[in-house]
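Right, one structure below, let's go through it.
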Amino acid sequence: MERAGLNSKGIRGIVDKPGHVTWIDVIGLADAEIVESIGSRYGIHPLLQEDIVHTHQRPKVEIHESTLALILRMVESTAPIVTEQVTFVLCGSTVITFQERPGDSFEPVRRRIRSGLGTIRSLGADYTFYALIDTVIDGFFPLMEDYGKTLEELEDAIDTGINKLVQQRVHSIRSEMSQVRKIAWAQRDAMQRLVTEADGIVDPATLPFLRDCLDHTAQVLDVAETFRDVAGDMRDLYFTQISLRTNDVMKLLTIISTIFMPLSFIAGVYGMNFNAEVSRFNMPETQWYLGYPFVLAVMATTASVMLGYFHRKGWLFGQ
Amino acid sequence: MERAGLNSKGIRGIVDKPGHVTWIDVIGLADAEIVESIGSRYGIHPLLQEDIVHTHQRPKVEIHESTLALILRMVESTAPIVTEQVTFVLCGSTVITFQERPGDSFEPVRRRIRSGLGTIRSLGADYTFYALIDTVIDGFFPLMEDYGKTLEELEDAIDTGINKLVQQRVHSIRSEMSQVRKIAWAQRDAMQRLVTEADGIVDPATLPFLRDCLDHTAQVLDVAETFRDVAGDMRDLYFTQISLRTNDVMKLLTIISTIFMPLSFIAGVYGMNFNAEVSRFNMPETQWYLGYPFVLAVMATTASVMLGYFHRKGWLFGQ
Amino acid sequence: MERAGLNSKGIRGIVDKPGHVTWIDVIGLADAEIVESIGSRYGIHPLLQEDIVHTHQRPKVEIHESTLALILRMVESTAPIVTEQVTFVLCGSTVITFQERPGDSFEPVRRRIRSGLGTIRSLGADYTFYALIDTVIDGFFPLMEDYGKTLEELEDAIDTGINKLVQQRVHSIRSEMSQVRKIAWAQRDAMQRLVTEADGIVDPATLPFLRDCLDHTAQVLDVAETFRDVAGDMRDLYFTQISLRTNDVMKLLTIISTIFMPLSFIAGVYGMNFNAEVSRFNMPETQWYLGYPFVLAVMATTASVMLGYFHRKGWLFGQ
Amino acid sequence: MERAGLNSKGIRGIVDKPGHVTWIDVIGLADAEIVESIGSRYGIHPLLQEDIVHTHQRPKVEIHESTLALILRMVESTAPIVTEQVTFVLCGSTVITFQERPGDSFEPVRRRIRSGLGTIRSLGADYTFYALIDTVIDGFFPLMEDYGKTLEELEDAIDTGINKLVQQRVHSIRSEMSQVRKIAWAQRDAMQRLVTEADGIVDPATLPFLRDCLDHTAQVLDVAETFRDVAGDMRDLYFTQISLRTNDVMKLLTIISTIFMPLSFIAGVYGMNFNAEVSRFNMPETQWYLGYPFVLAVMATTASVMLGYFHRKGWLFGQ
Amino acid sequence: MERAGLNSKGIRGIVDKPGHVTWIDVIGLADAEIVESIGSRYGIHPLLQEDIVHTHQRPKVEIHESTLALILRMVESTAPIVTEQVTFVLCGSTVITFQERPGDSFEPVRRRIRSGLGTIRSLGADYTFYALIDTVIDGFFPLMEDYGKTLEELEDAIDTGINKLVQQRVHSIRSEMSQVRKIAWAQRDAMQRLVTEADGIVDPATLPFLRDCLDHTAQVLDVAETFRDVAGDMRDLYFTQISLRTNDVMKLLTIISTIFMPLSFIAGVYGMNFNAEVSRFNMPETQWYLGYPFVLAVMATTASVMLGYFHRKGWLFGQ
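Protein chains in written order, with the working numbering: chain A, 43 to 361; chain B, 43 to 361; chain C, 43 to 361; chain D, 43 to 361; chain E, 43 to 361.
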């Protein structure tokens, strides 16, 4: 296995040494010529060549004669999620990978190859093919762990108070989980087809490894669905708590109004200017010796009755 | 391949030259005679002829002896979405298309034919059949991109404020995505059946191209479902924000009421007309030397306590 | 094909002329004897006889030896939807239909038979069987068109204002679409089974016609599901608009309260009866030369500040 | 067919007369010995014996050699729904039923057996097996009819007013329909498997009858799902009507506040005690000849303007 | 069958006595060497060895040559649910179980083995394999019963009042049921595959027992789904009751405001200081002989009219 900077002419110079595994890693797809020359060198179907370059494909598997191609999406950065398209082509003892941009999750494989240890040098191209796919699929796990932690933090935040930022974060996690779910769904379907149909092309010894990859995509799908549900439940909880809060605010307003409106009315009555001198029926209370204390007592009683009513209803101290 | 204005008599005059591909493009279905004469000329089943004319069919594929018919829906205009029915018939080396109205997405194919370049002139009728289908299916992509942009704009609009127009736009996008989803679902089913059952009729070399079309319909379906979910989530977010806003309004009302109702009550008490001359118990405060400043101080204290309470509850400055 | 008023004795007198198609149309199922005598005459399984009479069956197909029975539901009247059960039995060259009540959708077939034109007289019993089924299934289309128009009207009504009747209409459409969906779902399943299993019994030339019926039931199902979703979305839209309206009402209340409560408080303060003669600290403003204009100015300023605040918040003119 | 009180010893004494059908009906499962002795007598698998006694099984079918066992749930009482487990075992010419408690739906079968009429005495054990299953499955229909009536009543109740009891009733119906749906779903699956796999064990003549049972379980499932949806829709309708009611209440409050707050403010202004004797700017209106009528006119105008505003908004008389 | 403390060297010393069943129970997976040495001794695939150690696998079954491996999740503690991964390996007459932590549900099996009774000593390794799986799956039932009781208590709590804790408990039960559902779903799939594919490996006599396990996982799944639905319905009910409560609070506020605002206004009018001495039009009522009683009567009438209005609307006493 050799490592070299290639241009479209250099590709014709690649010699597939028997017993060797060749891994060609194409980074950046702007140079259409390179894709084309590799494509024609290794018999990649023109439609697949197009799919490699148009990087908005759904994850899928394409089997064309003895060439096996798998398109997956690789996590590039998180919060928000950015993924890039990676195409894996297995063609005899050659593995070709096409990436959109520099920066990938293949480092562990490179290290294993350089160190010359482990099964990766002794086994065939199939195993290298698997090992590369494996890093891409497992790249979703740290992402999901991050989301899991964020969701736990948000759950605590909702319990302690209403916060508009929390709401928007929950909303965006829900959206992103939809996205991951769509990707994981398509990747699982692709891996499923790969495992089922790769019979003649892939070494049977590699099949359990690919099946393991399939299990991992199913796990990612599971977690994405669970997290989407959790975010949805949190949205509902948040919404219910707003309503509960509004209910509390209304209660306070009603308590205040119900106590002070009658009191203010009583005060208003004795603020009227009926001429007590004209008749003994005009506001006689204002001429009483204890008129003022009497009215204050009436007010205090009214307020107490109201407070007692609200206390019995359990409105005063939380509940 | 020739291009001509046809009437129902002219059709009988079409000569299928061996080695040539004939493409008949029928625009406008009002003249039932044309459909019928083409139908009888190329052995189109009477039921299919009816389906061609009654343009509210679900996308579907019909295989009748060696005739392959595919009914799809073509995007005609957007916002709101208008689609028209297109029927593709492949019958030997002849491809027939039936459109409802002038204006279609076939221009790229026409240009490729006229320029005499590319695979379209060298390959058989199957490839022309595929190329025409491809333009119709890919016609959904710019539409979906438009929706994607609109959704992003709406998401920003919801973050900045409540707006009735936003709500109605989100609602209508959700409805339109339902529509696209229904169409894409039926088109994917039709393409799936086409790929599975077209074995003896379509050249195996064309199959990967049709499979590519199938992938594209699945992609449209995916995007439509995602957008529908996104619009639904946005509706929920919008609704939650209305509730949050109502909660804020209620808080302001409650703060104002809770501060001014007790103050007005106090003012009301000292506005009562109890005769202070009759007894020293009648509103003695009004006769105090510092009665007025004292009452103002009581009012200020009351207001401060209330404000302090609301501040502790975090109601005063956002949260 | 003959047409006659039958009683249970007359049935034994029916002579199936070779080369002729007999259509027996039983209207009203109260006379159990007729069903039984027809049943025993044409070898209808006792269980099916029961199903014919107990008119709450799900649409289904029953194949018993060479007898093909199909139970469908026929639209009888709309708003609200009333359907009646129709059973179609195909037995050799005889077609029997059992209807619950007079009034059906078979008129076009009767007319075609009477006029002696078209394929219906030249083709066999299979085609009559198909033609009758077709009218029943297509009877759902005008119904769905009516619903479509009503939904559009309701959509407009929701945009212009909150209306309790609109809400109830949307609710009932949603319920009725559930009903139609259930029927269409079962009819599609029945038609699917009919198309798949009718192989030996139905003439292959009739199969495309039955497949066309199947397509139509799928279309009814599609539309019913779409309309149910639309009604659901409208319910959500309506509900959001109530919340928005409540928000608006609350805003108005809060504006009014926030402006007039402080003003009334100020007026209340200067309505207090502190004795200005006792001390120069008791309500000195009331003795000022410009006391009253000064207080009015304070009130105007307060009101302006409040209005300015609400204007900045965008509460005053819509938004 | 004989009828006897059995204990575990008596079971060994049962003689299966050739040409006779034996039906053993075990009521009450507390006596484990009886189940065990019947089990060993008729070769019932130990696991099935356990299932018979542990009465929380999902409906299912078990085929073990030539023994056919079906576990169903029988409606015991309604509102709330109580079901008990019934196990049917068909073993040669013997039918065994195990019930949890006395009281069942087998009475019609018993009556038919006693009367010696109908097919039940002439046909084999298969038919008895069917007849018993049929009564259990059909026992769900009156239940569902009751629910249907209750739902209609609740629908009317929601239209006429908000009622907490209605809400709880709708909620509990929804829960109970979930329960029935789960049971019906499992029963349909069990019946489906019974119809598909009972080929060698059950007489082909009995199969249409079992298929009829299958149809009935599907019907129960259908109705349960519809009713659950209906209850869900009613909950939404009810909730929307609460919001609408709250909106109405808010409107009334706002109208009252908006009219009386300004009026009270005006009254408050002329209740201020500015000394008109000190200056001609202090409340000159109070000294006007027509001051009081003038202010009353101002108040009337203000109120009219407000009322006019609300009338234009359509808030005054319903809408 | 022997029982011993093992280290990685001791494993090589295990002698599989013919006719004996060996059960190796590995508790704690920190010592990778032990897993590896057992793995190489019994031919466990390296990928499966990894799965055993990485304890976040989905429940699944792996069949590799004559080795059968099943990964399940065992309930460790409840409220909140904690599960640990258990791997069962059946390899000839040896059963190996790998647990994460001490503490398991195998005690009943151990007791049965020690007591030397029952089928477990007489039957082969298959039966031991089944018996162990059975305890893990049945370990979910007491858990679900606890949840069932909690849900019933919460239902009662919701009926009696709004309580924030209830809401959070319902929310967390819903989340936990999602979790159980995911586990049960995967376990059912694994058991399904085990039952379908274990044909050559497992003794046919053990199959009914495994099928019984499958039924139990399906039951757990059923209950988890039902409980999740119930919790969701309870959330909706709770939410509706908050709205109903808010509606009640609003009604009280509106009643109080509607009664006291007009009354206070009237009092305010007669509190105005128009100079009655200047003109006979200025507040003549204040000079009437029965002015004050007259105004009190007006107020009483106003209040009665309002109360009558609310009584007619049914707002006063509940409804």
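From the three backbone atoms N, C-alpha and C, an ideal C-beta is built for every residue, glycine too.
Assuming I179/A and T64/A are in contact, meaning their beta carbons sit under 8 Å apart, how far apart are those beta carbons, in whole angstroms?
Your numbering for residue 179/A matches position 137 in the first sequence. Your numbering for residue 64/A matches position 22 in the first sequence. I179/A to T64/A, Cβ: 23 Å. No contact.
Please state the DSSP three-state secondary structure of T129/E.
On the fifth sequence, position 87 is the one that residue 129/E refers to. Residue state, collapsed to three classes: strand.
*Using a cut-off of 7 Å between C-beta atoms, extract the partners of Q234/C located in chain B.*
By 1-based counting over the third sequence, the position of residue 234/C is 192. At a beta-carbon threshold of 7 Å, none of the residues of chain B lie near Q234/C; the nearest stands roughly 14 Å away.
- Determine the contact status of I284/B and S285/C, defining contact as a CB-CB distance below 8 Å. Taking the first residue of the second sequence as position 1, residue 284/B is located at position 242. Taking the first residue of the third sequence as position 1, residue 285/C is located at position 243. Yes; because the gap between Cβ atoms is below 8 Å, this pair is in contact.
Consider the Cβ of P150/D: report whether some Cβ of chain E lies at a distance smaller than 8 Å. By one-based count along the fourth sequence, residue 150/D stands at place 108. Not a single C-beta of chain E is nearer than 8 Å to the C-beta of P150/D.
query: Can R270/A and S220/A be called in contact, C-beta distance under 8 Å?
result: Indexing the first sequence from 1 puts residue 270/A at position 228. Indexing the first sequence from 1 puts residue 220/A at position 178. For R270/A and S220/A, yes; Cβs fall inside 8 Å.
Would you please state the rounded distance, in angstroms, between the beta carbons of A228/C and P150/C? I believe it to be under 8 Å. Mapped onto the third sequence, residue 228/C falls at position 186. Mapped onto the third sequence, residue 150/C falls at position 108. In fact, because the Cβ distance is near 24 Å, the residues do not count as touching under 8 Å.
When you compare only the Cα positions, how much space is there between L185/B and I225/E?
If you number the second sequence from 1, residue 185/B lands on position 143. If you number the fifth sequence from 1, residue 225/E lands on position 183. Roughly 40 Å between the two C-alpha positions.
(message) At the level of alpha carbons, what is the spacing between Q210/E and L279/D?
(response) Residue mapping note: residue 210/E aligns to position 168 of the fifth sequence, counting from 1. Residue mapping note: residue 279/D aligns to position 237 of the fourth sequence, counting from 1. C-alpha separation (whole angstroms): 26 Å.
_Quick check on R45/C: buried or exposed, where buried means 16 or more other Cβ atoms within 10 Å of its Cβ?_
For the purposes of this step, residue 45/C is taken as the residue at position 3 of the third sequence. With a pLDDT of 47 at R45/C, under the threshold of 50, the predicted position of this residue should be treated as unreliable, and no value is reported.
Exposed or buried, E195/A, counting other C-beta atoms within 10 Å across all chains shown (16 or more means buried)?
Here residue 195/A refers to the residue found at position 153 of the first sequence. E195/A should be labelled exposed.
A345/D, DSSP secondary structure in three states: Residue mapping note: residue 345/D aligns to position 303 of the fourth sequence, counting from 1. The answer is helix: DSSP assigns A345/D an H, G or I state.
Between which two residues does the alpha helix (DSSP H) holding M219/D run? Along the fourth sequence, read from residue 1 onward, the residue named residue 219/D stands at position 177. Unbroken alpha helix (DSSP H) run through M219/D: K206 to E239.
- Going along the stretch 278-294 of chain B in order, which residues come within less than 8 Å of chain C, judged by CB to CB distance? When CB distances to chain C are screened at a threshold of 8 Å, the residues of the stretch 278-294 of chain B falling below it are Y280, F281, I284, S285, R287, T288, V291, M292 and L294, in chain order.
Give me, in chain order, the residues of the same chain whose beta-carbon lies closer than 6 Å to that of Q361/E; leave out the 5 immediate sequence neighbours on both sides.
The residue you call residue 361/E lines up with position 319 of the fifth sequence. Confidence in Q361/E is poor, its pLDDT being 43 and thus under 50, which makes the residue's placement unreliable; the coordinate value appears in the next sentence. Hits under 6 Å: none found.
Inset, instruction - Could you say which of H98/B, I105/B and H106/B lies nearest to E126/B if we only look at CA atoms? - result: Indexing the second sequence from 1 puts residue 126/B at position 84. Nearest option by C-alpha distance: H98/B.
Review point. In chain B, which residues lie less than 8 Å from I66/A when you measure between Cβ atoms?
Key: Counted from its first residue, the first sequence places residue 66/A at position 24. Neighbours of I66/A on chain B: none; closest Cβ ~23 Å, over 8 Å.
*Does any CB atom of chain D fall closer than 8 Å to the CB of N205/E?*
Residue numbering aside, residue 205/E sits at position 163 when the fifth sequence is read from its first letter. For N205/E, not one C-beta of chain D is nearer than 8 Å to its own C-beta.
Note to self: Once the 5 residues before and after S147/E are set aside, which same chain residues still bring their CB inside 7 Å of it?
What the structure shows: Here residue 147/E refers to the residue found at position 105 when the fifth sequence is read from its first residue. Around S147/E: M116, T177, V178 and G181.
| said: What does the alpha-carbon distance come out to for the pair L295/B and L349/A? | reply: As a position in the second sequence, residue 295/B is number 253, starting the count at 1. As a position in the first sequence, residue 349/A is number 307, starting the count at 1. One C-alpha to the other measures close to 21 Å.
| task | Would you mind stating whether I66/D and I138/D have Cβ atoms separated by less than 8 Å? | result | As a position in the fourth sequence, residue 66/D is number 24, starting the count at 1. As a position in the fourth sequence, residue 138/D is number 96, starting the count at 1. Going by C-beta atoms, I66/D is nearer than 8 Å to I138/D.
3 or more residues per run - each beta strand (DSSP E) lying fully within the stretch 79-123 of chain A:
If only uninterrupted beta strand (DSSP E) runs of at least 3 residues are considered, those enclosed by the stretch 79-123 of chain A are 102-106 and 109-119.
For A46/A, the three-state DSSP class (helix, strand or coil): Mapped onto the first sequence, residue 46/A falls at position 4. Only weak support is given to the placement of A46/A: the predicted model assigns it a pLDDT of 48, under 50, and the value that follows is read from those uncertain coordinates. Three-state DSSP puts A46/A in coil, outside helix and strand.
How about G310/D and S306/C: are their beta carbons less than 8 Å apart? Start at 1 with the first residue of the fourth sequence, and residue 310/D comes out as number 268. Start at 1 with the first residue of the third sequence, and residue 306/C comes out as number 264. Closer than 8 Å, so yes.
Simplified DSSP assignment, three categories, for I155/E:
The residue you call residue 155/E lines up with position 113 of the fifth sequence. Annotated three-state conformation of I155/E is helix, per DSSP.
Q) Taking buried to mean at least 16 other C-beta atoms within 10 Å of its own C-beta, is L358/A buried or exposed? A) What you label residue 358/A is simply residue 316 of the first sequence in a count that begins at 1. Exposure of L358/A is indicated by the presence of fewer than 16 other C-beta atoms within 10 angstroms of its C-beta.
In this structure, does DSSP put L256/E in helix, strand or coil?
On the fifth sequence, residue 256/E is found 214 positions in, with the first residue counted as 1. Residue state, collapsed to three classes: helix.
**Asked** T139/C by DSSP, collapsed to three states: which one?
**Response** Within the third sequence, the letter at position 97 stands for residue 139/C. Strand, per DSSP.
Inset, instruction - Can you check DSSP and say which residues form a bridge with V32/A? - result: This structure cannot speak to residue 32/A, because chain A is shown only from 43 to 361.
Query raised in the report: Under the rule that 16 or more other beta-carbon atoms within 10 Å means buried, what is G356/D, buried or exposed?
Result: The residue given as residue 356/D occupies position 314 in the fourth sequence. Around the beta carbon of G356/D, fewer than 16 other beta carbons sit within 10 angstroms, so the residue counts as exposed.
>> Tell me the rounded alpha-carbon separation between Y84/A and E239/B.
In response: Here residue 84/A corresponds to residue number 42 of the first sequence, with the count starting at 1. Here residue 239/B corresponds to residue number 197 of the second sequence, with the count starting at 1. Approximately 30 Å between the Cα atoms of the pair.
Go ahead and pull the three-state DSSP assignment for A74/E. Taking the fifth sequence and counting its residues from 1, the one referred to as residue 74/E is at position 32. DSSP places A74/E in helix when its eight states are reduced to three.
Within 10 angstroms of its Cβ, does E218/C collect 16 or more other Cβ (buried), or is it exposed?
On the third sequence, position 176 is the one that residue 218/C refers to. Taking all protein chains shown into account, E218/C has 16 or more neighbouring C-beta atoms within 10 Å of its C-beta and is therefore buried.
Which residue from N324/E, F336/E, A342/E and N317/E puts its Cα closest to that of R321/A?
Taking the first sequence and counting its residues from 1, one reaches residue 321/A at position 279. The question names Arg, yet the displayed sequence has Ser at residue 321/A. For S321/A, the closest of N324/E, F336/E, A342/E and N317/E by C-alpha to C-alpha distance is F336/E.
Margin query: Checking 8 Å against the spacing of the C-beta atoms, do L114/C and L132/C come in under that value?
Written below: Within the third sequence, numbered from 1, the residue matching residue 114/C stands at position 72. Within the third sequence, numbered from 1, the residue matching residue 132/C stands at position 90. Contact: no.
Answer with yes or no whether the minimum CB distance from I86/B to chain C is below 8 Å. Within the second sequence, the letter at position 44 stands for residue 86/B. No, no contact with chain C.
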